[in-house]
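To keep things clear, I will list the structure first and then write my remarks on it.
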Amino acid sequence: MMEESLLPMETKWNPGVPGIPAPTVGASHALPEGGKQVAAGAPFAVEARSFSFWYGANQALADISLTITTRQVTALIGPSGCGKSTFLRSINRMNDLIPNTRHEGELLLEGGSVYRPDQDVVLLRRRVGMVFQKSNPFPKSIFENVAYGPRVNRLVQGRRQLEGLVERSLRQAALWDEVKDRLEKSALGLSGGQQQRLCIARALAVSPHILLMDEPASALDPIATQKIEELIYELKDQYTIVIVTHNMQQAARVSDVTAFFYLGKLVEVGRTEEIFTNPKNDQTEAYITGRFG
Ligand SMILES: Nc1ncnc2c1ncn2[C@@H]1O[C@H](COP(=O)(O)OP(=O)(O)O)[C@@H](O)[C@H]1O
Ligand SMILES: [Mg+2]
Numbered sequence: 002m003m004e005e006s007l008l009p010m011e012t013k014w015n016p017g018v019p020g021i022p023a024p025t026v027g028a029s030h031a032l033p034e035g036g037k038q039v040a041a042g043a044p045f046a047v048e049a050r051s052f053s054f055w056y057g058a059n060q061a062l063a064d065i066s067l068t069i070t071t072r073q074v075t076a077l078i079g080p081s082g083c084g085k086s087t088f089l090r091s092i093n094r095m096n097d098l099i100p101n102t103r104h105e106g107e108l109l110l111e112g113g114s115v116y117r118p119d120q121d122v123v124l125l126r127r128r129v130g131m132v133f134q135k136s137n138p139f140p141k142s143i144f145e146n147v148a149y150g151p152r153v154n155r156l157v158q159g160r161r162q163l164e165g166l167v168e169r170s171l172r173q174a175a176l177w178d179e180v181k182d183r184l185e186k187s188a189l190g191l192s193g194g195q196q197q198r199l200c201i202a203r204a205l206a207v208s209p210h211i212l213l214m215d216e217p218a219s220a221l222d223p224i225a226t227q228k229i230e231e232l233i234y235e236l237k238d239q240y241t242i243v244i245v246t247h248n249m250q251q252a253a254r255v256s257d258v259t260a261f262f263y264l265g266k267l268v269e270v271g272r273t274e275e276i277f278t279n280p281k282n283d284q285t286e287a288y289i290t291g292r293f294g
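So that you can map any letter, position 236 of the sequence shown is 237 in the numbering used here, and since no number is skipped, the others follow by simple counting.
Given below as structure tokens:
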């Protein structure tokens, strides 16, 4: 536990791992100011405006205003119970499945309201893919796991197209070479890390714009974790990624922007390099240096 909390702040903000280039945090990636209007084609994938969320009487999110930029990796960090998963699940309305919940404020996806009454939730979840801490492949073949989404959404015509899409998705998830000779075997026979990459392939197969990852590597060993991190780095050319992680070094390695949540509030958001080297808020600093959480 301490190992991951002790950020090597005084030495270097981004220790890097072999094979993973340091995240680019340049001028072109400047964080948009909160509350700005979203114009058509604006680089915001998601924008929360004073967004609050309740489970019954328990308020899980309070007045969150946050913009998530297209084709960047945004890390959500903060102690357990601070609302990270609730925020993620609001973006694709997975919270709808939980009774007695309500929200206030606005949540926009590519400029359109996520919660507008005529929102097509199936379409929304196709645009916003999700990967969970515990990989959850279907008890079916590797092929069928990836083919399922395109098939039920009628995204392809015929076997040839479907096979092409399955291969492309598995390649994108950096899994193809490991499974191409066993596509008809059960997905449950894969290792934990392979199963997680299969779940990523399954999410990618329906061509989402945004990928939400809720602690995607926290159940994996270091090698499998590194593969997921490499993958995240490659995917951000094409996708907007929002990742929840408890591993501060991982947040520093993979993300462009980091948002620190505490007790349902967004305490601080900024370029990852700044958050980890020069946080403005004392609570942020205490958290990233392992003094609480
Ligand atoms: N399904 C649920 N029903 C009721 N309360 C929940 C549910 N999920 C989360 N909560 C509560 O909402 C708050 C935020 O939880 P969560 O979003 O899971 O935090 P985090 O992901 O940061 O650990 C906590 O107080 C938690 O107990
Ligand atoms: Mg969580």
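Even glycine gets a Cβ: it sits at the ideal position worked out from N, Cα and C.
Keep in mind the model is a prediction, meaning the values are calculated, not measured.
Check	Outcome
Is it right to say I65 is buried, meaning 16 or more other beta carbons lie within 10 angstroms of its own, or is it exposed?	buried
Which first and last residues belong to the alpha helix (DSSP H) in which D238 is found?	Per DSSP, D238 belongs to no alpha helix (DSSP H) and is neither H nor E.
Kindly indicate which residue of G130, T68, S192 has the alpha-carbon position closest to the one of S209.	Note that residue 209 is Pro in the sequence shown, not Ser. Comparing Cα positions, the closest option is G130.
Give every residue of the same chain whose Cβ lies closer than 6 Å to the Cβ of V122, excluding the five residues on either side of it in the sequence, and list them in chain order.	R94
Are L110 and V47 closer than 9 Å when you measure CB to CB?	yes
Does DSSP put D222 in a helix, in a strand, or in coil?	coil
Considering L89, what are the terminal residues of the alpha helix (DSSP H) in which it resides?	85 to 92
To the nearest angstrom, report how far apart Q196 and V147 are at their CA atoms.	11 Å
Indicate whether V245 and L67 have their beta-carbon atoms separated by less than 9 Å.	no
In terms of residue numbering, what span does the alpha helix (DSSP H) encompassing R50 cover?	No alpha helix (DSSP H) contains R50, which is instead part of the beta strand (DSSP E) from 45 to 56.
Apart from the five residues on each side of it in sequence, which residues of its chain come closer than 7 Å, Cβ to Cβ, to S142?	L184, E185, K186, S187, A188
R117 and S170: beta carbons closer than 9 Å?	no
As a quick exercise: from D238, N96, F133, pick the residue whose alpha carbon is nearest that of Q173.	D238
Measure the CB-CB distance between A86 and D215 and report whether it falls below 9 Å.	Sequence check: residue 86 is Ser here, not Ala. Cβ distance < 9 Å, so S86 and D215 count as in contact.
First and last residue of the beta strand (DSSP E) that includes V268?	266 to 272
Could you tell me whether any non-hydrogen atom of ligand 1 is closer than 8 Å to the CB of I65?	no
Closer than 8 Å to a non-hydrogen atom of ligand 2 - does that hold for the CB of S136?	no
Three Cβ pairs or more, each shorter than 8 Å: is that satisfied between the segment 51 to 58 and the segment 212 to 231?	no
Suppose you measure from the CA of V255 to the CA of I78; what does that come to, to the nearest Å?	13 Å
Collect the residues with a C-beta less than 5 Å away from any heavy atom of ligand 1 and give them in sequence order along the chain.	Y56, A61, S81, G82, C83, G84, K85, S86, T87, I99
Give me the residue from T285, R72, L62 with the minimum Cα distance to E105.	L62
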